[in-house]
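Going line by line, the protein sequences match chains A and B.
Position one of the first sequence corresponds to residue 18 (the working numbering), numbered consecutively onward.
Position one of the second sequence corresponds to residue 14 (the working numbering), numbered consecutively onward.
Quick reminder that beta carbons are idealized off the backbone N, C-alpha and C, glycines included.
Heads up: the structure comes next, in C-alpha cells.
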Amino acid sequence: MWIEWTIATKFLHEGKVQSTLILVGIAVGVAVIVFLTALITGLQGNIINRTLGTQAHIKVQPTEERNRILPPAAGSVQLVLEDKRAQRLRSINNWQQVRDVLDTLPRVTAVSPVISGPAFARRGAALQSVVLVGIDAPRYQRIIPIQNDIVAGVFRIGAGDAVIGKQLATDLGLRAGDKLRLDGGQQRESVVNVAGIFELGVRELDSRYVYLEMKQVQSLLNLPGAATIIDITVDDIFDAQAIAARITRLTGLKAESWMETNAQLMNALRSQSLSTQMISAFVALSVALGIASVLSVSVVQRTREIGILRAMGTTRQQMLRVFLVQGALFGLAGSLLGGLAGYGLVGAFNTFGPKLFYIPVNPWLLVAATGLAMVTGILSAAVPARRAAALDPVEAIRHV
Amino acid sequence: MSEHDASQEVLRLQGLRKSYNVGKPTEVEVLHGLDLRLQRRDFAALVGASGSGKSTLLNLIGLLDRPTAGELFLLAEPTRSMDDARRTELRGSTIGFVFQFHHLIQAFTTLENVLMPLMVATGKPTREQIDRARGLLAQVGLEGLEQRKPDQLSGGQQQRVAVARALITHPALLLADEPTGNLDSKSATEVFQLFRNFNREFGCAVLLVTHDSRMSEQCDRIIMLVDGNIESDKALG
C-alpha cells in the first residue's frame with residue numbers, strides 16, 4: 018500500500034488548486050450536514066425534553082372494564098345490544114407487587130405509583146375543578162422533578178400539605194401558606210395547607226393539579242389503599258413503546274408509552290427527521306459527484322503518467338488503489354474540515370443565535386460524518402479509478 | 014544462466030503478427046510474421062520509415078501490447094497467453110524503457126523517478142536501493158541533482174534520468190524509442206554513450222529505434238523494418 022499512498026498524495030499535492038477547490042466543496046457539504054443534523058437533533062431533544070419534563074414515559078393503568086357476556090347455548094343464536102361500561106376510578110390490583118416487579122425491570126429508571134382523580138377546590142365562593150394527585154414524593158420527583166419548578170413556598174407533601182399550580186393559585190387567590198378546601202364528592206372534604214406553588218409552563222397542569230400525599234387522596238376519592246396509575250421513566254425514551262409492550266405482557270395491565278399519548282408530536286418529529294435525512298442525502302450525493310468529477314478529470318490529465326507507471330510494472334490493481342486512496346483522502350480531509358466548520362456554526366448559533374434552545378455538540382457526529390465521507394469518497398472514486406486501471410498503456414504513453 | 018552469459022537469449026520472435034481492428038472491415042495487418050533473436054550482449058538498432066511498424070513492434074516486445082499471432086519469448090518464456098498481472102510483473106522486472114519524450118513523473122523528484130520501478134514492485138525503497146539509484150544518477154552525470162523535480166532539468170538531463178530509471182532494475186532488455194530524437198546532438202551523443210556503457214557493463218541487450226543514421230551506424234547490428242517485414246538484419250564492424 019505504501020507506493021499507492023505515495024503516488025496518491027504526490028498527485029494530490031501536485032494538483033493543489035484542484036485539490037483545494039474540491040476540499041472546500043466537500044467541507045461545505047459536510048458542514049451543512051453536521052450543522053443541520055446537530056440543529057435538528059438539538060431542536061427535537063428540546064421539544065421532547067419539554068414534553069417529557071411534565072409527563073412519565075410510560076403510564077401503567079388498570080385494564081378497561083368490559084361487559085362479560087355468557088356464550089349462547091350450543092345451537093342457538095344470540096343477538097346482543099351492548100352498552101359500553103362506564104369506567105369508574107379503580108385501583109391497580111396488587112399495585113405494591115406490581116411496583117416491586119417494575120422496580121427490578123431492566124431499562125426502567127424510575128417507578129412511581131400515583132392515585133389520581135377528580136375533585137373540586139373551593140375558596141370562599143370560588144369553585145374550580147381540579148385533579149387530585151396523590152404521590153409518593155421521593156419516587157415522583159424522579160419522574161417529574163417538580164421541586165425545580167416551585168415558584169412560591171416549598172415542595173412539601175403530607176400531613177395536610179398540598180402543592181398546587183400557579184394558575185389555580187391565581188384563580189382562587191391563594192398564596193403559599195393559605196388554606197384550601199378540597200371536595201371529593203359525597204361529603205368527603207378536607208382542608209389542606211398550600212405549602213408550595215409550582216409552574217410547569219403547561220396551562221392544563223398549572224390550573225388543575227393538586228399534589229397531595231397518597232393517603233389523603235385515597236380517602237378523598239374513597240379508594241382506601243389504592244393507586245390508579247403507575248408512572249415509569251426508562252433509560253431510552255425511544256424504546257418506551259417496546260418497554261410498555263413488555264410491561265403489558267408481564268403484568269396484564271394497560272401500559273401506554275408517551276409516544277402513543279403524543280402521536281401527533283411523534284409524527285411531526287418523524288417528518289422533520291425524514292426531511293433532514295433527505296437534505297443530507299442530496300448534499301452527500303452532490304459531494305460524491307464532485308469528488309467523482311474531479312478524479313475523472315485527473316485521470317484524463319494523468320493519462321500519460323498512468324501509462325508510464327504501467328510500463329514500469331505498476332499493476333492495474335495498484336493503479337485502481339491510487340485513485341481510491343485519493344477519493345478516501347478527499348473524504349477524510351474534507352469531512353474533518355467540514356466537521357470543524359459545522360461545529361463552529363453550532364457554537365456560533367449557541368452563542369449568537371436566538372437562544373431559544375441549546376444545540377448539544379455530539380463528538381460521535383464528527384466520527385460518523387468522517388467515516389461516511391470516507392466511504393463516499395472511495396465509492397465516488399470507483400468509476401474514475403476503474404477507468405485509470407483499464408487504460409491501455411500503449412495509448413496512454415502515446416498521449417502527449 | 015548467469016547474468017553475464019553473453020550467448021544467453023533474451024528475446025526470440027517466432028512468426029510474430031500484429032493486426033489492428035481485428036474482425037472489422039478496417040482490419041489491417043501491420044507486422045507480417047517476424048522472426049528475430051536478441052542475445053544478452055546485443056546492441057541493435059531498429060530502423061525503418063515511419064509507418065513501417067517500428068513502434069508496434071517495440072510495444073509488442075515491451076509487453077505493452079499483444080501479438081495477433083506467433084509467439085514472443087522473453088528470457089525463454091512464452092508470453093502470448095500470459096495474463097495481465099504476470100505480463101506486468103515480467104515487464105517490470107526484465108524490461109527497461111526509454112521513450113522519445115523523457116516521460117518522467119512531475120510529482121516526484123529525480124531520485125524518486127529513478128526508484129519508481131523498484132517502488133511499484135516492492136514498496137518503500139531500501140537503503141541499498143537508494144544507494145544504487147544515486148550511483149546510477151552519478152553514472153549518468155547527474156550527481157547532486159537528486160532532489161530536483163524533472164521540470165527543473167534540461168531536456169538532455171531529463172533523458173539521462175530516464176536512462177537511469179530504465180536501468181535501476183538491472184533489466185535483461187533495454188528498449189529505447191528514439192531516445193535522442195528530441196535532444197541536441199551533444200546531449201544525443203552523451204545519452205548514446207550511456208547505452209553503450211551499460212550494454213558493456215551490465216550486459217543488457219539494447220534495442221534502439223532510431224531515424225538517425227549516425228546513431229544506427231554506431232550500433233553492432235542494424236535491423237531494418239520495411240512495411241512490416243524485416244528487410245535486412247546485418248552486423249556491423
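Chain-ordered chain A contacts of residue i [CB-CB under 9 Å]
i         : result
Asn72(B)  : Pro410, Val411, Ile414
His116(B) : Arg321, Glu322, Gly324, Ile325, Ala328, Ile414
Phe110(B) : Ile325, Ala328, Met329, Ile414
Ala98(B)  : Thr332, Arg333, Gln334
Rounded separation between residue i and residue j - CA only
i         : j         : result
Val227(A) : Leu286(A) : 31 Å
Leu353(A) : Leu40(A)  : 10 Å
His17(B)  : Phe205(B) : Its pLDDT being 45, under 50, His17(B) is placed unreliably by the model, and nothing is read from it.
Asn210(B) : Val219(B) : 11 Å
Leu96(A)  : Leu149(A) : 42 Å
Met14(B)  : Arg53(B)  : In this prediction, Met14(B) has a pLDDT of 38, which is less than 50 and means its spatial position is unreliable; nothing more can be read from the coordinates.
Leu341(A) : Thr71(A)  : 52 Å
Ala358(A) : Tyr375(A) : 18 Å
Thr126(A) : Val171(A) : 26 Å
Met329(A) : Arg104(B) : 7 Å
Glu230(B) : Arg213(B) : 17 Å
Val10(A)  : Met231(A) : For residue 10(A) there is no data in the structure shown, the boundaries of chain A being 18 and 417.
Pro130(B) : Ile108(B) : 10 Å
Ala402(A) : Thr331(A) : 14 Å
Ala406(A) : Asn279(A) : 56 Å
Ala19(B)  : Gly216(B) : Annotation note: pLDDT 49 at Ala19(B) (below 50); position unreliable, coordinate value reported separately. Straight-line Cα distance between these residues: approximately 7 Å.
Arg363(A) : Ile20(A)  : Looking at the sequence provided, one finds Val at residue 363(A) rather than Arg. Cα to Cα, the separation comes out at about 40 Å.
Ala169(A) : Lys372(A) : 27 Å
Thr233(B) : Gly61(B)  : Checking the sequence shown, residue 233(B) turns out to be Asp, not Thr. Straight-line Cα distance between these residues: approximately 17 Å.
Leu306(A) : Lys199(B) : 51 Å
Ala176(A) : Met276(A) : 36 Å
His224(B) : Gly394(A) : 48 Å
Thr37(A)  : Thr26(A)  : 13 Å
Arg30(B)  : Asp48(B)  : 10 Å
Contacts that residue i makes with chain B (C-beta to C-beta distance below 8 Å)
i        : result
His74(A) : None at all; the shortest Cβ gap to chain B is about 57 Å.
Whole-number beta carbon distance between residue j and residue i, since they are thought to touch under 8 Å
i         : j         : result
Asp78(B)  : Val411(A) : 5 Å
Ala48(A)  : Gly370(A) : Going by Cβ atoms, the distance from Ala48(A) to Gly370(A) rounds to 16 Å, so no, they are not a contact pair.
Ser129(A) : Tyr157(A) : 5 Å
Gly201(A) : Leu238(A) : 5 Å
Ser245(B) : Met237(B) : 5 Å
His74(A)  : Ser274(A) : 7 Å
Gly351(A) : Ala390(A) : 6 Å
Leu199(A) : Ala142(A) : With a Cβ gap of about 16 Å, Leu199(A) and Ala142(A) do not count as contacting.
Arg50(B)  : Leu24(B)  : 7 Å
Residue i: first and last residue of the uninterrupted alpha helix (DSSP H) it sits in
i         : result
Met283(A) : 280-318
His30(A)  : 19-31
Phe56(B)  : Taken as a continuous stretch (DSSP letters only), Phe56(B) belongs to no alpha helix (DSSP H), being part of the beta strand (DSSP E) at 56-60.
Lys183(A) : 183-189
Ala365(A) : 333-369
Leu71(B)  : 67-74
Phe205(B) : 198-215
Chain C residues whose Cβ lies nearer than 7 Å to that of residue i
i         : result
Val133(B) : Here the protein chains are A and B, and chain C is not one of them.
Where the beta strand (DSSP E) through residue i begins and ends
i         : result
Ile243(B) : 242-248
Asn210(A) : 206-215
Pro130(A) : 125-140
Phe112(B) : Unbroken run through Phe112(B): none, as it is neither H nor E.
Ser236(A) : Where Ser236(A) is concerned, there is no enclosing beta strand (DSSP E), although the alpha helix (DSSP H) it sits in stretches over 231-237.
Ala143(A) : 143-152
Asp195(A) : Run containing Asp195(A): none; DSSP gives neither H nor E here.
Ser274(A) : 271-274
Amino acids of chain A, ordered along the chain, whose beta-carbon sits closer than 8 Å to that of residue i
i         : result
Gly75(B)  : Ala328
Thr101(B) : Arg327, Gly330, Thr331, Thr332, Arg333
Residues that residue i contacts on chain A, provided the C-beta gap is smaller than 7 Å
i         : result
Gly64(B)  : Near Gly64(B) there are no residues of chain A at all, since even the closest Cβ is about 15 Å away, more than 7 Å.
Ala189(B) : Residues of chain A passing the Cβ test: none, with the nearest at roughly 13 Å.
Lys137(B) : Trp19
Met129(B) : Met329
Chain B contact residues for residue i, given Cβ-Cβ distances below 7 Å
i        : result
Phe28(A) : Ala120
Heavy atom of the ligand NAD within 7 Å of residue i beta-carbon
i         : result
Arg287(A) : Of the ligands one can find in the structure shown there are none, so the ligand NAD has no counterpart to examine.
Just checking, does the stretch 344-364 of chain A make contact with the stretch 315-326 of chain A on the three C-beta pairs under 8 Å criterion? no
Does the stretch 115-123 of chain A come close enough to the stretch 244-255 of chain A that 3 or more CB-CB pairs lie under 8 Å? yes
Would you say the stretch 137-156 of chain B touches the stretch 168-179 of chain B, given that touching needs at least three Cβ pairs under 8 Å? yes
Any 3 or more C-beta pairs closer than 8 Å across the stretch 183-198 of chain B and the stretch 106-113 of chain B: yes
Under 8 Å: do the stretch 214-221 of chain A and the stretch 180-199 of chain A share three or more Cβ pairs, one atom per stretch? Yes, the stretch 214-221 of chain A touches the stretch 180-199 of chain A.
Under 8 Å: do the stretch 87-105 of chain B and the stretch 286-299 of chain A share three or more Cβ pairs, one atom per stretch? no
Flag this pair as touching only if the stretch 251-263 of chain A and the stretch 85-103 of chain A have three or more C-beta atom pairs under 8 Å; answer yes or no. The stretch 251-263 of chain A is not in contact with the stretch 85-103 of chain A.
Can we say the stretch 80-91 of chain B touches the stretch 131-144 of chain B, given the rule of at least three CB pairs closer than 8 Å? no
Are the stretch 390-400 of chain A and the stretch 41-52 of chain B touching, with three or more C-beta to C-beta distances below 8 Å? no
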